[in-house]
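Colleague:
2 protein chains.
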Amino acid sequence: MIRADKDLAFILQFENVAWYEKGCVKILDRRIYPAKIEFVTCYNHTEVAKAITDMVTQSGGPYAAAGMGMALAAYEARNKSQEEILEYLQSAAYALSHARPTTVKRMELVVGGCIEAAINALEQGLELDEAIFLHVLNSMNKRYIRTGEVANYLVDMFPNKGVIMTQCFGETIVGLMLKEAKRRKKDIKLICPETRPYFQGARLTASVAYEQGFDVTVITDNMPAYIMMSKKMDLFTSAADVICMDGHVVNKVGTLQISIAAKYFGIPYFVTGIPDRSHGKVSTVKIEERDESYVLEAMGIRTAMEGVKGYYPTFDITPPHLVSGVVTDKGIYSPYDLKRY
Amino acid sequence: MIRADKDLAFILQFENVAWYEKGCVKILDRRIYPAKIEFVTCYNHTEVAKAITDMVTQSGGPYAAAGMGMALAAYEARNKSQEEILEYLQSAAYALSHARPTTVKRMELVVGGCIEAAINALEQGLELDEAIFLHVLNSMNKRYIRTGEVANYLVDMFPNKGVIMTQCFGETIVGLMLKEAKRRKKDIKLICPETRPYFQGARLTASVAYEQGFDVTVITDNMPAYIMMSKKMDLFTSAADVICMDGHVVNKVGTLQISIAAKYFGIPYFVTGIPDRSHGKVSTVKIEERDESYVLEAMGIRTAMEGVKGYYPTFDITPPHLVSGVVTDKGIYSPYDLKRY
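First to last, the sequence lines map onto chains A and B.
Take 26 as the starting number for the first sequence in our numbering and just add one per residue.
Take 26 as the starting number for the second sequence in our numbering and just add one per residue.
1. For a cutoff of 8 Å on Cβ pairs, would you count B/GLY279 as touching chain A?
2. When you compare each of B/VAL241, B/GLY279, B/CYS269, B/SER318 to B/THR220 by their alpha carbons, which one comes out closest?
3. Is the shortest distance between the beta-carbon of A/THR78 and the beta-carbons of chain B less than 8 Å?
4. Would the stretch 309 to 321 of chain A and the stretch 234 to 243 of chain A be scored as touching if the rule is three or more Cβ pairs under 8 Å?
5. Hey, is B/MET258's beta-carbon within less than 8 Å of any beta-carbon in chain A?
6. Residues of chain A with CB closer than 8 Å to the CB of B/PRO249, please, in chain order.
7. At least one CB of chain B closer than 8 Å to the CB of A/SER383: is that the case?
8. Quick test of the definition: if touching needs 3 or more C-beta pairs under 8 Å, does the stretch 270 to 284 of chain B touch the stretch 147 to 163 of chain B?
9. Step through the CB atoms of chain B and report whether any lies within less than 8 Å of the CB of A/ALA329.
10. Give every residue of the same chain whose Cβ lies closer than 8 Å to the Cβ of B/PHE290, excluding the five residues on either side of it in the sequence, and list them in chain order.
11. Nearest chain B C-beta to A/ILE189 closer than 8 Å, yes or no?
12. Just checking: is the beta-carbon of B/ALA156 within a distance shorter than 8 Å of some beta-carbon in chain A?
13. Distance cutoff 8 Å, beta carbons only. Does A/VAL243 sit that close to anything in chain B?
14. Is B/GLY356 helix, strand or coil when you go by DSSP?
15. So the candidates are A/ALA265, A/LEU179, A/ARG365; which of them puts its Cα closest to the Cα of A/PHE194?
16. Using CA coordinates, which residue listed in B/GLU112, B/ALA143, B/ILE110, B/TYR58 is at the minimum distance from B/GLY92?
17. So A/PRO300 contacts chain B; which residues on that side make the cut at Cβ distance below 8 Å?
18. Would you mind giving the Cβ-Cβ distance between A/VAL73 and A/LEU121, rounded to the nearest angstrom? I have them listed as a contact below 8 Å.
19. Tell me the rounded alpha-carbon separation between B/TYR319 and A/ASP246.
20. Contact defined as beta carbons within less than 8 Å: I believe A/GLN107 pairs with A/LEU147. What is the distance between those atoms, to the nearest angstrom?
21. Taking the C-alpha atoms as reference points, what is the distance between A/ILE342 and B/PRO59?
22. Please classify A/ILE326 as buried or exposed, where buried requires at least 16 other C-beta atoms within 10 Å of its C-beta.
23. With 8 Å set as the bound, which would you pick, yes or no: does the beta-carbon of A/ASP54 sit closer than that to a beta-carbon of chain B?
24. Using the three-state DSSP reduction, which class does B/TYR268 fall into: helix, strand or coil?
25. So, using beta-carbon positions, are A/PRO345 and A/TYR361 closer together than 8 Å?
26. Give the residues from the stretch 69 to 101 of chain A that approach chain B closer than 8 Å (Cβ to any Cβ), ordered along the chain.
27. In the DSSP assignment, find the unbroken alpha helix (DSSP H) run with A/ASN177 in it and report its ends.
28. Under 8 Å, Cβ to Cβ, is there at least one residue of chain B near A/TYR119?
29. Under 8 Å between the Cβ atoms of A/ARG125 and A/THR78?
30. Determine, using beta carbons only, whether A/GLU219 comes closer than 8 Å to chain B.
31. Whole angstroms are fine: how far does the CA of B/ILE268 sit from the CA of B/PRO300?
32. Return the CA-CA distance between B/ASP30 and B/ALA90, expressed in angstroms with no decimal places.
33. Determine, for B/TYR235, whether the minimum Cβ-Cβ distance to residues of chain A falls below 8 Å.
34. Please report how far the alpha carbon of A/GLN83 lies from the alpha carbon of A/GLY335, in whole angstroms.
35. Compare the C-alpha of B/ALA206 against each of B/GLU317, B/LEU229, B/GLY173 and name the closest.
36. Just the Cα atoms here: how many angstroms apart are A/GLN192 and B/GLY350?
Dropping the structure here:
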């Protein structure tokens, strides 16, 4: 199933995101990384779902965590009958996939795959938790290889000595895009808006780039347009939580604003990811709104006076006319032409 | 000189900004307000200049602090000869007006006025520090009345039940605009971007609005465009550090980005303030760049990994084609028509 020799290096890069061990799932707490490296340990799938809701992990992390949570659910149900086990897994799949509203459909594919793996394992008389765990690793591995292809096409768009603006933390694609740029000796510089309220740009993207030896500068979220006006800027890129088939991009709030500024200054915006057939139109996407308290504080310290309200839409929607290209594992598509993918 | 009965109420609103007392100037520390109400006490004009550089006070505060600093300089020089006193005041005027690079010219007008007041006082044999102090209060009072006129014209632009987006902290104009809206029973709602890195929007503008009983919502700086797309938004307004005669607006970084988004969504942007004859063209304005550490932390807590760089342009430049109107004490002008002011 898994070729440990060749693939382990890939997989290990995920290990610190979310990892199943007998009876528990450990999730790297990205809310405090890189200041502290701590793991949240979940002893049942409900705790895993809660950790996803609480944004212990973000970006691609919740998909890994949900898969690992399914392995844990199988472990929880280990003494039940076959029928009861499948029922239990179905209920765990619902809880895990609905932990955050915007990504339900993509999550359903992840947990659905785990249930299929469980059914196969039952037929073959294998340990269920082990089988699901290996299935998740295998899927991650496939996704990793696929993302490598995306990175290839994206780096084609980088001029040598290019200055690239990112948004939030694109996780695997950020790591692989930098790796590929390095391999091709493209001497790029990164500008990372900090990405409030969780500072994923400052904490995660900038760290990954710095650790790989790139020149990386953090700015606050009110600066992208002025940086585009006053400095050299070649390209804006982001990952996406959902790329709808109609070309609308749903991603961390701020993407729309930067893409409007990019259009205004004539800078191309490339989104990376796989078009999502489960969202034919953007109208099927529900934008998650989270607790207002997150925008009324920074790094855990209250900024506004008690009584002042806050509003926190987690994602925003960028229309296709602001997107220069959708960079997939099969090449770069016009946002208006995603059916051809 | 000052009509205490009628004007004191106006003046008292400034008292907690910067205030001269025999031998010292007390400045409200806006870096920590409203969480804590603390004053920085300066015992000579050099300490006042340093407090301005260190952004103890912002927006209109530095002008008040510089004037009060001139009164303090006169006190420092009280035992010198007339000639030495004027020399000392000239040197203090230079230090105070150059405490921040972007506002030197406007500052020079403030400290220049103080020197004139000192010369008059010398001729009349008055106490110099007292005379400068009263001159500063009188100027503030005049400015306050003038800003009241600006507020009048601005509120004309607010629809009843309008939703207004602000940027940073416009100080007097924010207070007076809200007072005027209340007087006219215009039931407006405010959306305040938090304004990194100092959070003036979250800490100051939102507080002033909340204390006056308005419905006020804080958002992070990556949200304005999405709020404009997804919610009702009638108008964007900001004050300015410099309004150049060629219609370019220099204001807290983020103004450009919001104004681009406002243009994109068809929302008018009104800047308030007096066109600055000392800046015929925007090319004469120097944009201040401050210590990168401010963008690498939030509320004093480090966000990015050590080694990652930061970049902090304090202001940005909004071109006239993004400005719907310049709201002055004499009415609303086209940004292309400021010579008529």
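Don't be surprised by glycine CBs; every beta carbon is placed ideally from N, CA and C.
Since the model is a prediction, treat every value here as computed from it, not as a measurement.
Modeller: For this structure:
1. yes
2. B/GLY279
3. no
4. no
5. no
6. GLN282
7. With chain A covering only 26 through 366, there is no way to say anything about residue 383 of chain A.
8. no
9. yes
10. ALA250, MET253, MET254, MET258
11. no
12. no
13. yes
14. strand
15. A/ALA265
16. B/ALA143
17. Those do not exist, as A/PRO300 stays about 22 Å from chain B at its closest Cβ, beyond 8 Å.
18. 6 Å
19. 13 Å
20. 6 Å
21. 34 Å
22. exposed
23. no
24. Going by the sequence as given, residue 268 of chain B is Ile instead of Tyr. Here B/ILE268 sits in strand by DSSP.
25. yes
26. none
27. 153 to 181
28. no
29. yes
30. yes
31. 5 Å
32. With a pLDDT of 38 at B/ASP30, under the threshold of 50, the modelled position of that residue is not reliable, and the figure given next carries that caveat. Computed Cα separation, rounded: 24 Å.
33. yes
34. 22 Å
35. B/GLY173
36. 32 Å
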